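Asks: Next up is a structure, given as structure tokens.
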Amino acid sequence: MIIRSSSGVRPQHLSDTGYSKVASRLLAGTRDGCNKITVRMLTLQPGGHIPREAARGERVIFVLEGSGEYVDADGFAHEMKPGDVAAVPAWEVFHMQNRSSSDLVLLISSGPNQ
């Protein structure tokens, strides 16, 4: 068992294609003995977004702070606020964006290496 504070995990600023103003903290994964799930905390600064993609596996997205939009395959933006959860089936095309004036903090659970 591993217990750690998310504030003690150094953020990595994602600069891959399609990422803008996003920092990721790997909170739990294979290095911690979690062979079936990965848990990340993503912080999207105002104007930030993650790329439109179809994830290989299922994802659960939980909004911790701020507000943002889950944009589905049809381009419809679903507003999300603290406490909201999006259950994303494998291969569903989507992206997340922050159009607010404050940080959007997400907790994302997915399969390993996603």
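Per our numbering, the very first residue in the sequence shown carries number 13; after that it's consecutive.
No residue lacks a Cβ here, since even glycine has one placed at the ideal position from N, Cα and C.
If you're wondering where the values come from, they're calculated on a predicted model, not measured in any experiment.
Return the bridge partner residues of Glu65 from the DSSP annotation.
Replies: Phe106
Asks: For Thr50, does the three-state DSSP call read helix, strand or coil?
Replies: strand
Asks: Run through DSSP, which three-state label would Ser19 get?
Replies: helix
Asks: Tell me whether Ser122 is buried or exposed, calling it buried when 16 or more other Cβ atoms sit within 10 Å of its Cβ.
Replies: buried
Asks: Using DSSP bridges, identify the partner residues of Phe74.
Replies: Val97 and Leu119
Asks: Since Val100 and Glu70 should fall inside the 8 Å C-beta cutoff, what is the C-beta to C-beta distance between them, to a whole number of angstroms?
Replies: 6 Å
Asks: Candidates Leu119, Ser36, Ser113 and Phe88: which alpha carbon is nearest Phe106's?
Replies: Phe88
Asks: Determine, using beta-carbon pairs with one atom in the stretch 61-68 and one in the stretch 89-99, whether at least three such pairs fall under 8 Å.
Replies: no
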